[in-house]
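Chains A and B are the protein sequences, given in the same order. Numbering of the first sequence is given in our numbering, commencing with residue 1 and proceeding in unit increments. Numbering of the second sequence is given in our numbering, commencing with residue 1001 and proceeding in unit increments. Every residue gets a Cβ at the ideal spot worked out from N, C-alpha and C, and that includes glycine. Notes to accompany the following structure.
There are 2 protein chains.
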Amino acid sequence: MIDARRRVVIERVDPEIDCGRYPIKRVVGERVSVEADVFADGHDELACVILHRPQAEPRWCQAPMRLVANDRWRGEFQVDRLGCHLYTVQAWVDHFHTWARDLLRRLEAGQDVRVDLDLGAELVQAAAQRAKGADATALRRAAEALKGPKGTRTAVSAELAELMARHSLGHFPTVYRRVLRVTVDRERARFSAWYEMFPRSASPEPGRPGTFADVEARLPYVAEMGFDVLYLPPIHPIGKTGRKGPNNTIGAAPSDPGSPWAIGGARGGHKSVHPELGTLADFKRLVHAAKRHGLEVALDIAFQTSPDHPYVRGHPEWFRKRPDGTIQYAENPPKKYQDIFPFEFDSPEWRPLWRELCSVFEFWIDQGVRIFRVDNPHTKPFAFWEWVIGQIRDRYPEVIFLSEAFTKPKVMYRLSKVGFNQSYTYFAWRNEAWELKEYFTELTRTEAREYFRPNLWPNTPDILTEALQRGGRAASALRFVLAATLGARYGIYGPAFELAETAPLMAGREEYLGSEKYQIRHWDLDRPESLRPLIARLNQVRREHPALQQDRTLRFLATDNHMLLAYAKTARRTASEGSDQVVTIVNLDPRWRQSGWVEVPAEPRPGKPGYAVRDLLTGSSYTWRSDGWNYVELDPAVQPAHIMSVERTLLPLPEEA
Amino acid sequence: MIDARRRVVIERVDPEIDCGRYPIKRVVGERVSVEADVFADGHDELACVILHRPQAEPRWCQAPMRLVANDRWRGEFQVDRLGCHLYTVQAWVDHFHTWARDLLRRLEAGQDVRVDLDLGAELVQAAAQRAKGADATALRRAAEALKGPKGTRTAVSAELAELMARHSLGHFPTVYRRVLRVTVDRERARFSAWYEMFPRSASPEPGRPGTFADVEARLPYVAEMGFDVLYLPPIHPIGKTGRKGPNNTIGAAPSDPGSPWAIGGARGGHKSVHPELGTLADFKRLVHAAKRHGLEVALDIAFQTSPDHPYVRGHPEWFRKRPDGTIQYAENPPKKYQDIFPFEFDSPEWRPLWRELCSVFEFWIDQGVRIFRVDNPHTKPFAFWEWVIGQIRDRYPEVIFLSEAFTKPKVMYRLSKVGFNQSYTYFAWRNEAWELKEYFTELTRTEAREYFRPNLWPNTPDILTEALQRGGRAASALRFVLAATLGARYGIYGPAFELAETAPLMAGREEYLGSEKYQIRHWDLDRPESLRPLIARLNQVRREHPALQQDRTLRFLATDNHMLLAYAKTARRTASEGSDQVVTIVNLDPRWRQSGWVEVPAEPRPGKPGYAVRDLLTGSSYTWRSDGWNYVELDPAVQPAHIMSVERTLLPLPEEA
């Protein structure tokens, strides 16, 4: 038999991912708003709190919840420590509150309440026994007073209500049946600007391959543009068997450098550096130098090998055999990639394999790396990622994993659920206003926002979209603004991107011509068409505007021209400064000037229909009207977007946090 | 460490109520359509089945699932036995299917597939070991053939594909982490027409109180109207202390009969019958006589007592004491109901109390009752209902519980989740087209449809709505049609309803004047305005049309007049008969003729824009057009609605079952 006396029901706690199987994500200092359906039989008043604590702490903290409407309650708490934080909901019948409510009704009806005051005195006396110190004394006195001549005055006093609220705890409180988790990351997991570059192309001298030292010399260039993560493709020795030549051709010349993702050769594998880049010591010096420039080095972890990787000889049991005894190379039938061997993650020897792969992360953590971009995680088991990320984050909760999965939506979401802190997205292929709205509404207004942190890349070494190919520099500029304002996290693969390199390998293909994956490039960073000034300016704007450092408040605004995409983001600054409000309007047409009207729902102020807005890209000021639509005009030859700082309070949408 | 090798993920199984905490509901013979997100890392083909079984059976049955789109899979199974049925989802990597798909691609690209055929032979050989009899032999032969000169022909043969599908079982299948439940009821839980009447008003002689024998004499009247449940308010001895007089007045005359809900007196309590109604033997005879008329007697169970109930003296520990030592009467402050004592469900003696209340159901089950209408369940703990309904249904899975909870939506839903098979609704107060659409869309298109079975009552002894008061007979007629066609389950409180008795106690109150709750009424059943012919006709239509025997396919149709509410229901008949399709158009205006156009999306047939529809109420036929809207006109003085049998196939909505 169940215990009859837990009368309160707690249902539909939100956020809760897959019945509590997966944690939600936050960064240090953020708040978690929790809602729940809470109700009981009958007509009693209820009390309801969030219970929460860092996993390592033994004691629960309480945060109050308030009735919103229709048995829905809401409260919030803040997470202040890296790692795992727990929360759940507790509720109980609030006998005192019920009693006080009923007493008031009886008094209003002029009824005799002597027996009721006695009942109240019993409740207050019980609370006095739970309380300590001054509260206990005050409660004992109130219990006495309720039975005295001024009992009704005591009963309805605000002082007693407050005292009793502090010591409210009904018999048989209900605790929600699941304890839920928050993964608390550091702030960079939420807010970061990534710059990807190939070290071997960093040499200032054409013809000489770049080194870690050359990357060090490039740091001021990257830092001045305002990036904070410097992401390097694999830096390991590259296999020779089946090595690809320029533009992914078969049969490389001896001088061809090969793809950095064909990992492993005579000089080592995932824990070695390519000798031409320098030594491990050089790499560590780069990591430290980057830090001095406000940059954090992120490494690419690709769990696959070239046929020459030491693992192939040392651990043939980690690879699948074909019936003819050879090792199964990577395939996407009928395509064959004989230069790449995948691991057999579900081989009978999976345990030692997994441990070894975990040690790859540990090795680079020991060298000072705390951010990993993981290559194609969707071709390895989810269970592996959940395990390995858990292993690492238990000891290094500051480590950030970016999932490079361009695959089906549910698979991408699942990778984030099992632990990836950020993920690549479909952003690169969302060009029209309607599809950008639809996609970013999904990312910011559905449950996905609780665990999936989009990282928006207009390009990667693998992705030169048609939009960029056709739209030239103006398309790069507008895609950059979209990435850096729609997303608190974004990245570019440079210098190809800022130099607006948009020549494809061939029509209809998204591959770069002369891709750095297969050859070393020399870049003229001072090309006049460089987007460097725009990038530097916008990264500065992002740093100054908390609204752009998060995505939860993103909402789209109506425009009367579908080539104009408009959206607002808002964030609290510190209490004294009020709120930060940024409205971005992007001209999605890289060719033609577009004009139109944008609806910005701002707080009306009697007699003051106009208010000032300032374009953060240009410094220009405009006057907008709160009682209607506002005119904008954008010429792609001049600027891709307005990024407006708005002083008049924007009216929030109902669901806004 | 987790087992790496369960690579398939199963998420978002639907239906699933509160993470599997509560069962869904079906009746015997119904199907359960199950969907799930099913996917794995990589690009392998998957196989997926529903596992299901009656709880009492040890072995799982399998029902196939098919990929719908975007990693969403769907399948269905049928429940054929009363009680609890279990289901879950199992999936695995289908190595043979993956192999066959890849082989085809390789063949198309003209590649050498000798090694691949060897690989396939291994898979087929493994399946041969799982198979038995002829299949095992055939598989062994196929494995040989794959290695022979005609290997590719064998590989791509449909025969082998079928054989392998029958014996597909990957290594390390994933079983969904929760086993889900279906409560399987008898058909009447889904499809029933209820008639409520006060036995004491059933006497044909004015002045003499009615008896069970009088109810027996009334059975043909009720049965001829087509009802199948005869529901009686409490039939127990009535308390004298604080008895209410006519129209809920205080201070009853000695001749006043009192409210049947003030249960218990000198002659007994919940397990006794009121002596004026007859004996227990008379009641049992009534139950049997009803059965012969196709009627099932439902009893009202109200867990509360009059101050004179034997429990009050025998078990004072089951009631709450006030500080002055008296028993706490029912209250809704400042209102006091001194003639009613509620039980204290969470008293320290709750266990014996609960057992006693359970035995009340058992007692009436022993007298042949299998349907209970439970009074105000929302003022008793949910845990009690879950326990007591579980206790009863474990032994008597045919018992049906109707929840009489008119309260907050989440509370009503919860009562259904914990076990009530049917529930009262807000139907009585939904009058406008928009609010009817909104409410019935919620009831039939959201998760609620899986556990909440609405039972629609246009009136009850407590509820004479303003719409009925103002709209007279025409309003009663239209509300009747709405109840009986929007809901597969509905009920009326008669004879007040069919006689269109609509005089309220006073303006602004929903109480009947001269309510049968407090006095005995004599009804002239032959009043000419009686709705009896309409009721009889529509109940016959309901019996003949499976479309009206369920709610899941309800969908609303567009009209250009908001006083016309139009909706369709469809159901499969037996395979040979095709599908049953009923379109109902109700004139919501009880006063004025309304006309307008209704959009009925029917299958177009080239050259045949017109098709016949037949009004099931009147027998009239009309020709409708499939390529547009159709005109209708309804005069409340003539008929409240069209109920059209439609022969041309209605186009289904995407989400339709």
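Within-8 Å CB hit, residue i to chain B
{"i": "CYS19/A", "result": "yes"}
{"i": "PRO334/A", "result": "yes"}
{"i": "LYS408/A", "result": "yes"}
{"i": "GLY419/A", "result": "no"}
{"i": "GLY151/A", "result": "no"}
{"i": "ARG7/A", "result": "yes"}
{"i": "ALA383/A", "result": "yes"}
{"i": "ASP462/A", "result": "no"}
{"i": "ASP71/A", "result": "yes"}
{"i": "LEU435/A", "result": "Looking at the sequence shown, residue 435/A is not Leu but Glu. False, the Cβ-Cβ gap to chain B never drops below 8 Å."}
Residue i classed as buried or exposed, judged by whether at least 16 other C-beta atoms fall within 10 angstroms
{"i": "GLY133/A", "result": "exposed"}
{"i": "ASP1375/B", "result": "buried"}
{"i": "GLN1422/B", "result": "buried"}
{"i": "PRO654/A", "result": "At PRO654/A the pLDDT is 49, less than 50, meaning the model places this residue with poor confidence and gives no usable figure here."}
{"i": "PHE172/A", "result": "exposed"}
{"i": "THR211/A", "result": "buried"}
{"i": "GLY1029/B", "result": "exposed"}
{"i": "GLN1129/B", "result": "exposed"}
{"i": "LEU616/A", "result": "buried"}
{"i": "ALA1657/B", "result": "For ALA1657/B, the predicted structure reports a pLDDT of 41, less than 50, and the residue's modelled location is therefore unreliable. The matter cannot be settled from this model."}
{"i": "ASP1560/B", "result": "exposed"}
{"i": "ILE263/A", "result": "buried"}
{"i": "HIS522/A", "result": "exposed"}
{"i": "ILE1250/B", "result": "exposed"}
{"i": "GLN1540/B", "result": "exposed"}
{"i": "GLY294/A", "result": "exposed"}
Nearest neighbour of residue i, chosen from the options [CA to CA]
{"i": "ARG1066/B", "options": "PRO1352/B, VAL1089/B, ARG1059/B and GLY1471/B", "result": "VAL1089/B"}
{"i": "LEU1086/B", "options": "ARG1181/B, PHE1420/B, ALA1131/B and HIS1167/B", "result": "ARG1181/B"}
{"i": "PHE319/A", "options": "LYS150/A, ASP300/A and PHE341/A", "result": "PHE341/A"}
{"i": "GLY245/A", "options": "PRO237/A, ASP256/A and HIS236/A", "result": "ASP256/A"}
{"i": "ALA1568/B", "options": "TRP1354/B, HIS1270/B, PHE1406/B and THR1649/B", "result": "THR1649/B"}
{"i": "GLU344/A", "options": "GLY508/A, GLN328/A, HIS642/A and PRO546/A", "result": "GLN328/A"}
Per DSSP, cross-strand counterpart(s) of residue i
{"i": "CYS1084/B", "result": "THR1183/B"}
{"i": "LEU232/A", "result": "LEU299/A"}
{"i": "THR502/A", "result": "The partner list for THR502/A (beta bridge, DSSP) is empty, contrary to what the question assumes."}
{"i": "ALA996/B", "result": "Residue coverage of chain B in this structure runs from 1001 to 1657, which leaves residue 996/B outside it and unanswerable."}
Residue-chain proximity (residue i, chain A), Cβ-Cβ < 8 Å
{"i": "PHE1096/B", "result": "no"}
{"i": "LYS1147/B", "result": "no"}
{"i": "ASP1037/B", "result": "yes"}
{"i": "THR1379/B", "result": "yes"}
{"i": "ARG1102/B", "result": "Going by the sequence as given, residue 1102/B is Asp instead of Arg. ASP1102/B counts as touching chain A."}
{"i": "ASP1014/B", "result": "no"}
{"i": "PRO1654/B", "result": "Residue confidence for PRO1654/B is low, a pLDDT of 49 falling below 50, so the modelled location carries little weight; the figure read from the coordinates is stated next. Taking Cβ atoms only, chain A never reaches closer than 8 Å to PRO1654/B, which makes this a no."}
{"i": "GLY1042/B", "result": "yes"}
{"i": "PRO1323/B", "result": "yes"}
{"i": "ARG1414/B", "result": "yes"}
Distance cut-off 7 Å: residue i Cβ against heavy atoms of the ligand GDP
{"i": "ASP118/A", "result": "Among the components modelled here there is no ligand, and therefore nothing to report on the ligand GDP."}
- Could you list the residues in the stretch 1339-1370 of chain B with a C-beta less than 8 Å from some C-beta on chain A, going in chain order? Legend: CB atoms of the stretch 1339-1370 of chain B lying less than 8 Å from CB atoms of chain A belong to residues PHE1345, ASP1346, TRP1350, ARG1351 and TRP1354.
- Under 7 Å (Cβ pairs) to chain B, residues found in the stretch 584-608 of chain A: For the stretch 584-608 of chain A, which is checked against every Cβ of chain B, not one residue is closer than 7 Å.
- Interfacial residues, the stretch 1169-1195 of chain B to chain A, with Cβ spacing under 7 Å: Residues passing the 7 Å Cβ filter: none.
- Query: Using a beta-carbon distance cut-off of less than 9 Å, what residues from the stretch 1118-1136 of chain B approach chain A?
  - Reply: Of all residues in the stretch 1118-1136 of chain B, ASP1118, LEU1119, ALA1121 and GLU1122 have a Cβ within less than 9 Å of some Cβ in chain A.
- Task: Using a Cβ-Cβ cut-off of less than 7 Å, list which residues of the stretch 542-564 of chain A approach chain B; keep chain order.
- Result: Those residues of the stretch 542-564 of chain A that come within reach of chain B (Cβ to Cβ, closer than 7 Å) do not exist; the list is empty.
- Message: To be precise: take each residue of the stretch 1241-1274 of chain B, compare its Cβ to all Cβ atoms of chain A, and keep it if any distance is under 7 Å. Which residues remain?
- Response: Residues passing the 7 Å Cβ filter: none.
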